[in-house]
Amino acid sequence: MSADRWAIETCLKHFQLPTEAEEVVAGEPGRQYMAMLWQEEGYAMYDNPLYLLRQEWFHCYRWPLDAVATHFFEALPSDAIVLDYGCGTAEVCRSLWIEKQHPVCLVEPSDTCRKYLRAKYPQANVLILDDLPMTIEADTFDALICTEVFEHVLHPMGLQMELWNYLRPGGQALLSWSTAYPHAGHLEESVKQYPLWVQWLQTHATFHDVGQYVWVEKPEI
């Protein structure tokens, strides 16, 4: 089966990048290039179009949806309100949720990425925010997606607990936490907290399945 290159082509077109840009971000040379960007630009890397193109390439060729993610989306009712926090280019939920016209809230701090998301996903079922509003209530969302985020933030466990509070009892969550270090954007102290995260989930969540993503459920009260 041929790869779904729609997102890659969409990114190239949106940022008016030459086709050769894909060669820069692809494969192991692309990983090394991202590491160089991180060293040179720091957090500004997240607004670099080549970083976003790398995400599109990565999800197309290196990290496509696995069976765990597929079953997670298939288990959700079509009217479930999904929060994808730190969504990046939101490829995790595109094919099995956004394109099916189901409701989703995408939270992404990068201004460049948010503008790209609005061009990429003009559908009415997609709400794009830079952060969750201070007035948001607990138990708001039916499902939570937070992938490739925890290793990038200063207080990952605090973020996990905050997002968990927004997930309703019985709600589903699709999560991941990379332990790769050094790696572009990954913070060493955050990567070290991965075992604490696993222990926390074992105490606070019911596990459905584990693959390249972790599918868990918030227990009913």
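Letter by letter, the sequence shown follows residues 388 to 608 in the working numbering. Each residue gets a CB set at the ideal place from its N, CA and C atoms; glycine is no exception. Predicted, not measured: the structure shown is a model, and the values here were computed from it.
In the structure shown, ALA477 falls within a coil segment according to DSSP collapsed to helix, strand and coil. Taking C-beta atoms as the reference points, ALA390 and GLY598 fail to come closer than 8 Å. If you draw a straight line from the Cα of GLU607 to the Cα of PRO556, it comes to about 5 Å. Residue range 575-578 is occupied by the alpha helix (DSSP H) that includes VAL578. In this structure, PHE528 sits near ILE468, with a CB-CB distance shorter than 8 Å. Cβ-Cβ separation between SER565 and LEU541: approximately 16 Å, too far for a contact (criterion under 8 Å).
Just measuring C-alpha positions, the residue of TYR472, PHE459, PRO490 and LEU437 sitting nearest TYR553 is TYR472. A direct Cα-to-Cα measurement between ASP518 and ASP498 gives close to 11 Å.
The alpha-carbon separation between LEU440 and TRP551 amounts to approximately 30 Å. The continuous beta strand (DSSP E) containing THR593 extends over residues 593-597. For ASP471, the enclosing beta strand (DSSP E) has its first and last residue at 469-472.
By the neighbour-count criterion, in which 16 or more other beta carbons inside 10 Å mark a residue as buried, PRO543 falls on the buried side.
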